[in-house]
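In UniProt numbering, the protein residues as written are 1 to 220.
Idealized CB from N, CA, C, for every residue including glycine.
Contents: one structure, followed by commentary.
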């Protein structure tokens, strides 16, 4: 992706972790000749939308499966199906975090912070990306790999690695400040298709507890 403010920030012991997506998105390829890859900014700007199935694994042995939709600007919907159900949605302004087991949804303003929400790399502006991250890139046999490390301390992630096959995202590996490793593998991926606006809104089911912090805080 939970009663904590943001899974991208502080992964709980059980629920899906956004820092591990987060943003959880990979030095998996070894033994190849290194060539220059297209700039990451060019790769990301070529993606207006992505729809994909994913498997999320951590170095603690936990695994989650689900589906992800993302669209510019700053819209996403992530649903985990196993081992428990959770839905994370943003319309670019608000961020909904629905845990069906807890029968609770929290609503926050979406912070435009790639360090907290690595998924915003796919949906947000990329013009200033190199002001905040050191980026190295390699390419071989149709695969392009990008390694990002923050230029300043105090970030929530130590490094992020993205692997693409052509334009398709294939794998993401994230290491957070607690040295937890998280890997996302994608399949059945479609890019640049039209996605309905309803995907990026969330209507809480009846009889669900709603904690809406946007009513008591200003939009960032």
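It is roughly 6 angstroms from the alpha-carbon of residue 48 to the alpha-carbon of residue 72.
Assignment of residue 68 by DSSP, reduced to helix, strand and coil, places it in the strand class.
Assignment of residue 121 by DSSP, reduced to helix, strand and coil, places it in the helix class. Closest in C-alpha terms to residue 176, from the list 86, 42 and 154, comes 154. For residue 199, no beta strand (DSSP E) encloses it, and the DSSP letter there is neither H nor E.
Residue 144 sits close to residue 137, with the two beta carbons spaced by under 8 angstroms. Residue 219 counts as exposed, since fewer than 16 other beta carbons sit within 10 angstroms of its beta carbon. Secondary structure at residue 167: coil, using DSSP grouped into helix, strand and coil.
Here the segment 203-211 makes no contact with the segment 59-74; the two share fewer than three CB pairs at distances below 8 angstroms. The segment 160-170 makes no contact with the segment 90-110: fewer than 3 CB pairs, one atom from each, lie closer than 8 angstroms.
Ranked by Cα distance from residue 197, the options 89, 170 and 131 are led by 89.
According to the DSSP secondary-structure assignment, residue 98 is paired through a beta bridge with 87 and 105.
Secondary structure at residue 180: coil, using DSSP grouped into helix, strand and coil. DSSP, read as helix, strand or coil, puts residue 40 in helix. Straight across, the Cα-Cα distance linking residue 170 with residue 99 is about 27 angstroms. Taking the Cα positions, residue 178 is about 19 angstroms away from residue 147. Under DSSP, the beta-bridge partners assigned to residue 144 are 139 and 164.
Contact between residue 52 and residue 188 holds, since their C-beta atoms are separated by about 6 angstroms, short of 8 angstroms. Per DSSP, reduced to three states, the secondary structure at residue 74 is coil, with no helix or strand assignment.
Judged by their CB atoms, residue 56 and residue 63 are nearer to each other than the 8 angstroms cut-off.
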